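Engineer: My structure is below; once you've seen it, I'll send some questions.
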């Protein structure tokens with residue numbers, strides 16, 4: 137009993153096993169986090185029952201959440217998004233249980249505003265975020281793109297020709313483009329933090345940070 141309580145104290149309650157919720161729960165499991173998934177659809181329960189700790193329950197019912205001990209978890213994620221009513225009801229139930237951290241999926245700005253208004257601590261927009269991320273990636277040399285806030289981002293990209301064969305210091309990327317090369321990964325070798333003497337090869341991967349507009353300019357260099 138004590139071990140079970142301890143795992144819940146550091147665990148994550150994931151409600152809804154659609155594409156978003158299932159991917160999130162499975163990834164948390166791989167990262168070694170304790171996870172309990174909640175799903176009301178019997179087909180999804182059958183699909184995931186052998187891969188995740190799972191309870192078949194309707195989380196729109198506050199009694200169901202109380203019975204499975206939801207209040208013992210420090211973090212809950214509402215992965216239900218297609219049904220606005222269900223998403224709002226589940227989030228409201230978690231707020232009533234005074235969950236310390238509630239993350240909720242939204243499918244629109246209006247949906248997100250409602251979730252925040254009723255007490256969700258974090259609202260995520262998977263479809264919008266994925267679309268924005270891919271837009272940056274298809275328009276230049278970027279292979280991955282993470283936007284932080286206030287127009288700041290970190291990207292993984294191929295090196296422009298003007299940097300290939302030169303060190304970071306010789307390339308003068310920060311002076312020319314206002315972005316910072318923070319890491320270089322040669323093929324088959326581990327990632328290394330960049331210094332002025334780090335040489336950039338044509339097949340290397342660069343980790344670059346800076347203002348989103350400046351990164352776009354740098355990523356479009358031939």
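Numbering (the numbering used here), first residue to last: 137 to 358. In this text, a Cβ means the ideal position worked out from N, Cα and C, and glycines have one as well. The structure displayed is predicted, hence computed values, not measured ones.
Tell me the rounded alpha-carbon separation between residue 358 and residue 300.
Structural biologist: As a first step, residue 358 must be located in the chain shown, where it is residue number 222. As a first step, residue 300 must be located in the chain shown, where it is residue number 164. Rounded to whole angstroms, residue 358 to residue 300 spans 11 Å at the Cα level.
Engineer: Count the other CB atoms, across all protein chains shown, that sit within 10 Å of the CB of residue 288; report buried if there are 16 or more and exposed otherwise.
Structural biologist: The count along the chain shown starts at 1 and reaches residue 288 at position 152. Label assigned to residue 288: exposed.
Engineer: Which word fits residue 172, buried or exposed, when buried means at least 16 other C-beta atoms lie within 10 angstroms of its C-beta?
Structural biologist: Taking the first residue of the chain shown as position 1, residue 172 is located at position 36. By the neighbour-count rule (16 or more Cβ atoms within 10 Å), residue 172 is buried.
Engineer: Between residue 135 and the rest of its own chain, which residues show a CB-CB distance below 8 Å, the 5 nearest in sequence each way excluded?
Structural biologist: The question about residue 135 has no answer, for the chain in this structure spans 137 to 358.
Engineer: At what residue ranges does the segment 199-261 contain a whole run of the alpha helix (DSSP H), taking only runs of 4 or more?
Structural biologist: List check, alpha helix (DSSP H) in window: 220-232, 245-254.
Engineer: Using C-beta distances below 6 Å, list every residue in its chain close to residue 307, excluding the 5 sequence neighbours before and after it, in chain order.
Structural biologist: As a position in the chain shown, residue 307 is number 171, starting the count at 1. Excluding sequence neighbours, residue 307 sits near 299.
Engineer: Using the Cβ count rule (16 or more neighbours within 10 Å means buried), how would you classify residue 359?
Structural biologist: Residue 359 lies beyond the residue range present for the chain, which begins at 137 and ends at 358; the question has no answer from this structure.
Engineer: Mind reading off the beta-carbon distance from residue 315 to residue 346? Whole number of angstroms is fine, and I expect it under 8 Å.
Structural biologist: Taking the chain shown and counting its residues from 1, one reaches residue 315 at position 179. Taking the chain shown and counting its residues from 1, one reaches residue 346 at position 210. Right, their Cβ atoms sit about 3 Å apart.
Engineer: Quick one: which unbroken alpha helix (DSSP H) runs of 4-plus residues sit fully inside the segment 278-328? Chain order, please.
Structural biologist: Listed in chain order, they are 304-307, 309-313.
Engineer: Write down the C-beta distance between residue 326 and residue 340 rounded to the nearest angstrom, noting that I regard them as a contact closer than 8 Å.
Structural biologist: Locating residue 326 in the chain shown gives position 190, counting from the first residue. Locating residue 340 in the chain shown gives position 204, counting from the first residue. At roughly 12 Å, the Cβ-Cβ gap does not stay under 8 Å, so residue 326 and residue 340 are not in contact.
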